[in-house]
Amino acid sequence: MAKAFLWMIHDNQLTALPSAIGILENLQKLDVSHNKLKNIPEELTQLRHLKSLLVQHNELSHLPDGFGQLASLEELNLSNNQLATIPTSFASLTNLIRLSVAQNQLRSLPAEISSMKSLKQLDCTKNFLETIPPELASMASLEQLYLRKNKLHFLPEFPSCRLLKELHVGENQIEVLNTEHLKHLNSLCVLELRDNKLKSLPDEISLLQKLERLDLANNDISRLPYALGNLPHLKFLALEGNPLRAIRRDILQKGTQELLKYLRSKIQDDITSPSEESPVTAMTLPSESRINMHAITALKLLEYSEKQAILIPDEVFNAVGSNPVTTVNFSKNQLSEIPARIVELKESVCDVSLGFNKLSSISLELCLLHRLMHVDVRNNFLTSLPEEMEALTKLQIINLAFNRFKIFPTVLYRIPTLETILLSNNQVGSIDPVQLKKMDKLGTLDLQNNDLLQVPPELGNCETLRLCLITVDSPFLTFVLRMSVTIKWTLLLEGNPFRTPRAAILAKGTAAVLEYLRSRIPT
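Following full-length UniProt numbering, the numbering of the sequence shown begins with 1 at its first residue and continues without gaps.
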């Protein structure tokens, strides 16, 4: 036995470990989780080669003082026990990488925890913590910090946690988030602050340039800083349960990317129009319309919308110069064709809005924008899409609502990166479930108010479909896309002439519709 490297005795009814465990001097992993252990024998601390110790889901109320002797330990899971304190000897666990003390009875953390110089993941979820020792902010290796479901009233500052990627502090009583909390978190990708008491967000939220997920649900936030729109990688923003009065409900319901676009547009609105003596920040066209140079240089936005223009003046494209524009907004004009010069932006543009124009076709120039991720051409006169769109290998979202499609554009089946297809309020008569099943990244398919005479039962075999929240409040965009860690599906079919599934089944949501369709597949 002294040569054992691995000992797994989890999921038994053990109430104690033998003191002879200390003779297993070569033991590297010990899993005694899901038992009924009330204590750990002091002899266990003699296992100097132990790297992984899993003791979760037991009945431990204290740990031996000599715990720090386990100097080789890299993984320690003490979650779901009854621990009220952590020994200060933990300071000696300098090789520890992952530590979980979640779901215990801790009211404080020892300052010595900051001596764990290798710690990357710390999980203190669901305890009774009211404060966090400021020393924790000096843990330079920390990448994931879980403090959810505690009693925290404020956050510490993180001056040394420059590698921190995930910060989870939901379900606490935090009232303030300020610049000092944010300015050092250059690597943060996930910030979870739901179910707190925040009343506002600082403009400095824009410092978190790598942020991908921001959960602010169920706080007391009444307005959002427009700078939030400048987070280039933000994919998920949860805001439900906040008294946001300054932003229309239909905008909030359009999903993260549309909301961010709105916030960016408000930054532009806030910029004071410069005087004629300040041509550096604005250019005046012959029509007296201004090109906002700040939007081009700082926001990477080329905006010429709501001008009722029948073409985009060359001066608009000339103003771009060498600036890497990522977003183009030519919506709400009278354009009958896409400007050919848009191809000049192919090395940088990711988002193009051409909605509310008079387009009858998609130009080949648009198909050359190989970085394109989002295309909005709603409310035009389109009847088809060119096969060349297959070259848009990064396209994720396409909005074709309120056009004149009678056939589902087959080229879309050949763009595997698509996550959202909005095709409501057209005249589409059929869909191909076999091709749809191949689109394993597709998350939302909106076919409301078309001419579907039947829904093919085979659509129920798309195993990736999941139920997602659906609301119908906006006349132009009747969906809510809530991106999560796993891809969720929304299938919207209301307003079509088919008789089955019945309206009562549609009202139950995507999951119920798919279950019904599967039941209709001939066996």
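Note that beta-carbon positions come from the ideal geometry of N, C-alpha and C, so glycine has one too.
With 16 other Cβ atoms within 10 Å as the buried cut-off, status of residue i
i, result
"residue 13", "exposed"
"residue 339", "buried"
"residue 128", "exposed"
"residue 48", "exposed"
"residue 374", "buried"
"residue 443", "buried"
"residue 126", "buried"
"residue 370", "exposed"
"residue 258", "buried"
"residue 519", "exposed"
"residue 25", "exposed"
"residue 134", "exposed"
"residue 11", "exposed"
"residue 264", "buried"
"residue 9", "exposed"
"residue 254", "buried"
"residue 248", "exposed"
"residue 465", "Confidence at residue 465 is low in this model, with a pLDDT of 40, below 50, so the placement of that residue should be treated as unreliable; the coordinate-derived value is given next. It is buried - the Cβ of residue 465 has at least 16 other Cβ atoms within 10 Å."
"residue 310", "exposed"
"residue 362", "buried"
"residue 420", "buried"
"residue 222", "exposed"
Member of the options whose CA lies at the smallest distance from the CA of residue i
i, options, result
"residue 334", "131, 358, 352, 316", "358"
"residue 200", "243, 160, 234, 72", "243"
"residue 185", "139, 21, 223", "139"
"residue 237", "216, 245, 130", "216"
"residue 60", "121, 51, 32", "32"
"residue 45", "57, 73, 386", "73"
"residue 77", "180, 84, 121", "121"
"residue 300", "232, 245, 382", "232"
"residue 142", "411, 165, 367", "165"
"residue 422", "146, 36, 377, 362", "377"
"residue 81", "34, 114, 95, 41", "34"
"residue 413", "405, 424, 432", "432"
"residue 314", "297, 327, 291, 323", "291"
"residue 68", "363, 415, 115, 346", "115"
"residue 386", "411, 415, 401, 455", "411"
"residue 318", "137, 246, 302, 327", "302"
N-terminal and C-terminal residue of the alpha helix (DSSP H) that residue i is part of
i, result
"residue 167", "Element bounds for residue 167: not the alpha helix (DSSP H) but the beta strand (DSSP E), 166 to 168."
"residue 213", "Per DSSP, residue 213 belongs to no alpha helix (DSSP H); it is in the beta strand (DSSP E), 213 to 215."
"residue 326", "Here residue 326 belongs to no alpha helix (DSSP H), and DSSP marks it neither H nor E."
"residue 446", "Where residue 446 is concerned, there is no enclosing alpha helix (DSSP H), although the beta strand (DSSP E) it sits in stretches over 444 to 446."
"residue 179", "179 to 182"
"residue 174", "No alpha helix (DSSP H) contains residue 174, which DSSP labels as neither H nor E."
"residue 251", "249 to 252"
"residue 433", "433 to 438"
Residue i: first and last residue of the uninterrupted beta strand (DSSP E) it sits in
i, result
"residue 236", "236 to 238"
"residue 98", "98 to 100"
"residue 195", "Here residue 195 belongs to no beta strand (DSSP E), and DSSP marks it neither H nor E."
"residue 296", "Premise fails: residue 296 lies in the alpha helix (DSSP H), 293 to 297, not in any beta strand (DSSP E)."
"residue 83", "Taken as a continuous stretch (DSSP letters only), residue 83 belongs to no beta strand (DSSP E), as it is neither H nor E."
"residue 144", "144 to 146"
"residue 121", "121 to 123"
"residue 315", "Unbroken run through residue 315 is the alpha helix (DSSP H), 314 to 318; no beta strand (DSSP E)."
Cut-off 8 Å between Cβ atoms - residues of its own chain near residue i, not counting five sequence neighbours on either side
i, result
"residue 219", "193, 194, 195, 196, 197, 198, 199, 241, 242"
"residue 183", "204, 207"
"residue 152", "129, 130, 131, 132, 169, 172, 173, 174"
"residue 37", "14, 15, 16, 17, 55, 58, 59, 60"
"residue 428", "405, 406, 407, 408, 447, 450, 451, 452"
Sequence-distant residues of its chain with Cβ nearer than 7 Å to residue i (five each side left out)
i, result
"residue 417", "393, 394, 395, 396, 441"
"residue 365", "338, 340, 342, 343"
"residue 43", "19, 21, 22"
"residue 288", "Here residue 288 scores only 40 on pLDDT, less than 50, and its place in the model should not be relied on; the value that follows carries that caveat. So no residue of the chain qualifies."
"residue 88", "110, 112"
Own chain partners of residue i with C-beta closer than 6 Å, once the 5 adjacent residues on each side are dropped
i, result
"residue 86", "110"
"residue 262", "251"
"residue 79", "56, 100, 102, 103"
"residue 403", "380, 382, 426"
"residue 213", "190, 236"
"residue 123", "100, 102, 146"
"residue 144", "121, 166"
Sheet register partners of residue i (DSSP bridge)
i, result
"residue 365", "Per DSSP, none; premise fails for residue 365."
"residue 94", "BP columns for residue 94 are empty, so no partner."
"residue 374", "351, 397"
"residue 75", "52, 98"
"residue 421", "398, 445"
"residue 303", "329"
"residue 191", "167, 214"
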